[in-house]
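Some notes on the structure that comes next.
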Amino acid sequence: MVIRHICPKLACRPCSTLESPAMPAQVIDKGLPTAHRAAQVLTAKHVDRLPR
């Protein structure tokens, strides 16, 4: 599964600079897991009592 975040770059005509909005925050800094994957792992570990 690939999640793409498309953020448009906006130009300011008077000052000729490019602006782009901030990207969504990650659950783990510099990590790959999404919020969905982290919730799935925590549910499997604590609710379903599966190892790891």
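Following the numbering used here, the residues of the sequence shown are numbered contiguously, the last one being 1510. Idealized CB from N, CA, C, for every residue including glycine.
- Determine which residues share a DSSP beta bridge with leucine 1567 and list them. Residue 1567 lies beyond the residue range present for the chain, which begins at 1459 and ends at 1510; the question has no answer from this structure.
- Item | Beta-carbon contacts of isoleucine 1461 that lie in its chain and below 8 Å, excluding the five residues immediately before and after | What you label residue 1461 is simply residue 3 of the sequence shown in a count that begins at 1. Counting only Cβ-Cβ distances below 8 Å, and skipping sequence neighbours, we find Thr1492.
- Opening and closing residue of the alpha helix (DSSP H) in which glutamine 1484 lies: Looking up residue 1484 in the sequence shown gives position 26. Looking at the DSSP string, glutamine 1484 is not in any alpha helix (DSSP H), and its letter there is neither H nor E.
- Query: For the alpha helix (DSSP H) that leucine 1500 lies in, which residues bound it at each end?
  - Reply: The residue given as residue 1500 occupies position 42 in the sequence shown. Counting along the chain, the alpha helix (DSSP H) containing leucine 1500 begins and ends at 1493 to 1500.
- Please say whether valine 1505 and arginine 1496 have beta carbons closer to each other than 8 Å? Counted from its first residue, the sequence shown places residue 1496 at position 38. Counted from its first residue, the sequence shown places residue 1505 at position 47. According to the sequence displayed, residue 1496 carries alanine and not arginine. No, they are not a contact pair.
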